[in-house]
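Here is the structure we will look at, set down as structure tokens.
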Amino acid sequence: MGIKIRTRRGTNNGRTGNRIAPWEKRLLGKIELLRRDIGQVTEYVRGVTSRKVIKRAEEIMRSTARHSRYDPENNTCQQCLNTIRQKLSVYAGRLRRYKVSTTENVTMHFLRIPRRRSIENSIPP
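What the sequence shown shows, in my numbering, is residues 2 to 126, in sequence order.
In structure tokens:
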């Protein structure tokens, strides 16, 4: 009758486990795309003659025209590859910094909780 019957898989419909924060998912997605682009441009530099690789690499090189708006345009595939690698380095560093700061914030949050309770208990009514 058009109704799908779903069975429960464990607790909470299988949503248990380590959840990834939305900001982390976005950064991981960008990093994955940049890694893929690096691989395809590298294949182009090596001289792979596949039409699919050539078309995709030229498309990537057109989309990454320059490092920043102040730099001149990338003329060679090596310059384009360098640009993509720099972007990857930036995103990877950002992800590393964010992870460190969030773990520190969570740790400090849980370290502060017992102190608050002990202060409240020591004050006479």
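Ideal Cβ positions, reconstructed from N, Cα and C, are used throughout, including at glycine.
DSSP places ILE4 outside any alpha helix (DSSP H), giving it a letter other than H or E. Of the residues assessed, TYR71 falls on the exposed side of the cut-off, its CB having fewer than 16 other CB atoms within 10 angstroms. Where TYR45 is concerned, the enclosing alpha helix (DSSP H) starts and stops at 23-47. CA-to-CA, the gap between PHE111 and ALA93 works out to about 27 Å. One thing to note: GLN41 has its Cβ within 8 Å of the Cβ of ILE61.
Here the C-alpha atom of LEU34 lies approximately 25 Å from the C-alpha atom of SER102. Short of 7 Å from the beta carbon of LYS31, and not among the five residues preceding or following it, lie these beta carbons of its own chain, in chain order: TYR92. Taken atom to atom, the span from the alpha-carbon of LEU82 to that of LEU28 is near 20 Å. The three-state secondary structure of HIS68, taken from DSSP, is coil.
Each of CYS78, ALA66, ALA22 was checked against the Cα of THR43, and the nearest Cα belongs to CYS78.
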